[in-house]
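Protein chains in written order, with my numbering: chain P, 110 to 224; chain Z, 794 to 905.
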Amino acid sequence: EAGVAQSPRYKIIEKRQSVAFWCNPISGHATLYWYQQILGQGPKLLIQFQNNGVVDDSQLPKDRFSAERLKGVDSTLKIQPAKLEDSAVYLCASSSPTSGMETQYFGPGTRLLVL
Amino acid sequence: ILNVEQSPQSLHVQEGDSTNFTCSFPSSNFYALHWYRWETAKSPEALFVMTLNGDEKKKGRISATLNTKEGYSYLYIKGSQPEDSATYLCAFINQAGTALIFGKGTTLSVSS
Numbered sequence: 110e111a112g113v114a115q116s117p118r119y120k121i122i123e124k125r126q127s128v129a130f131w132c133n134p135i136s137g138h139a140t141l142y143w144y145q146q147i148l149g150q151g152p153k154l155l156i157q158f159q160n161n162g163v164v165d166d167s168q169l170p171k172d173r174f175s176a177e178r179l180k181g182v183d184s185t186l187k188i189q190p191a192k193l194e195d196s197a198v199y200l201c202a203s204s205s206p207t208s209g210m211e212t213q214y215f216g217p218g219t220r221l222l223v224l
Numbered sequence: 794i795l796n797v798e799q800s801p802q803s804l805h806v807q808e809g810d811s812t813n814f815t816c817s818f819p820s821s822n823f824y825a826l827h828w829y830r831w832e833t834a835k836s837p838e839a840l841f842v843m844t845l846n847g848d849e850k851k852k853g854r855i856s857a858t859l860n861t862k863e864g865y866s867y868l869y870i871k872g873s874q875p876e877d878s879a880t881y882l883c884a885f886i887n888q889a890g891t892a893l894i895f896g897k898g899t900t901l902s903v904s905s
């Protein structure tokens, strides 16, 4: 079974530029998560999708971050414009179904550095 | 604000040593506790999902216990090997939540 795929693996941009990350979850997983992990901290949920609907985006900085999951499969996370404090690892995870007890399967993450 | 604390933040052991880490979480409205292992440049890997007070789970040389009444979980590694070097994350979810709340992790380094 293929795991969660993410691209790119690394990205370096200058502040005020835009960047987009892509995630392909495990086939058949209805729930998809985007996490932000800043160095020295634990992963923080940015947004959770159930199929193509948003379940929780309470911690997503909506003035600059956006995410979509068209057709309930792949997802993209965009930052526009980026700030220095957005430097982090962006993790995508998927699970099926979702009740809090199911294992979340993570991708390798995208390491973003904003200069 | 729900908070998950992990200790120690980091530790270094010799090959063959046994070690343990602590995860503390809010005890009210407990639902589930997850443990993950995250090796550098790899995907976080699920170790355990624990839901019952007193539960104990084991995977090879790694085991975990759960005390939901006092709000803590221990992760044990018996006979540490260099390949155990990683950051170990715990994550908590309560009955009202939809999202896992992660601790900052314990970074283990095992030298041969």
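Glycine included, every Cβ here is placed at the ideal spot set by N, Cα and C.
Where residue i falls: helix, strand or coil (DSSP)
| i | result |
| --- | --- |
| D166/P | coil |
| E177/P | strand |
| L859/Z | strand |
| E832/Z | coil |
| E808/Z | coil |
| L222/P | strand |
| L193/P | helix |
| E876/Z | helix |
| H827/Z | strand |
| S800/Z | strand |
| E211/P | coil |
| A839/Z | strand |
| N161/P | coil |
| A884/Z | strand |
| S184/P | strand |
| S866/Z | strand |
| K171/P | coil |
| N813/Z | strand |
Beta-carbon neighbours of residue i, restricted to chain P and to distances below 8 Å
| i | result |
| --- | --- |
| G898/Z | G151 |
| K835/Z | P217 |
| T844/Z | M210 |
Min CB distance residue i to chain P below 7 Å
| i | result |
| --- | --- |
| T880/Z | no |
| A825/Z | yes |
Unbroken beta strand (DSSP E) run spanning residue i, endpoints
| i | result |
| --- | --- |
| K852/Z | 849 to 852 |
| E115/P | Before going further, note that residue 115/P is Gln rather than Glu in the sequence given. Its beta strand (DSSP E) spans residues 114 to 116. |
| N133/P | 128 to 133 |
| R125/P | Premise fails: R125/P is in no beta strand (DSSP E) and is neither H nor E. |
| A197/P | 197 to 204 |
| S820/Z | Per DSSP, S820/Z belongs to no beta strand (DSSP E) and is neither H nor E. |
| T899/Z | 899 to 904 |
| L141/P | 140 to 146 |
Classification of residue i by the beta-carbon crowding that lies within 10 angstroms, buried from 16 upward
| i | result |
| --- | --- |
| R854/Z | exposed |
| V128/P | buried |
| L141/P | buried |
| D877/Z | buried |
| A282/P | Not covered by the structure: residue 282/P. The range shown for chain P is 110 to 224. |
| T833/Z | exposed |
| Q115/P | buried |
| V797/Z | buried |
| Y119/P | exposed |
| G162/P | exposed |
Proximal chain Z residues relative to residue i, where beta-carbon distance stays under 8 Å
| i | result |
| --- | --- |
| D165/P | T891, A892 |
Min CB distance residue i to chain Z below 7 Å
| i | result |
| --- | --- |
| L155/P | no |
| P117/P | no |
| T212/P | yes |
Residue i: contacting residues in chain P (beta-carbon distance under 9 Å)
| i | result |
| --- | --- |
| F909/Z | It is not possible to answer for residue 909/Z, since the shown part of chain Z is limited to 794 through 905. |
| T812/Z | Ordered by position in chain P, no residue passes the 9 Å Cβ test against T812/Z, which lies about 20 Å from the chain. |
| A857/Z | Those within 9 Å of A857/Z in chain P number zero; the least Cβ separation is about 14 Å. |
Chain-ordered neighbours of residue i on chain Z, where CB pairs are closer than 7 Å
| i | result |
| --- | --- |
| G112/P | S836 |
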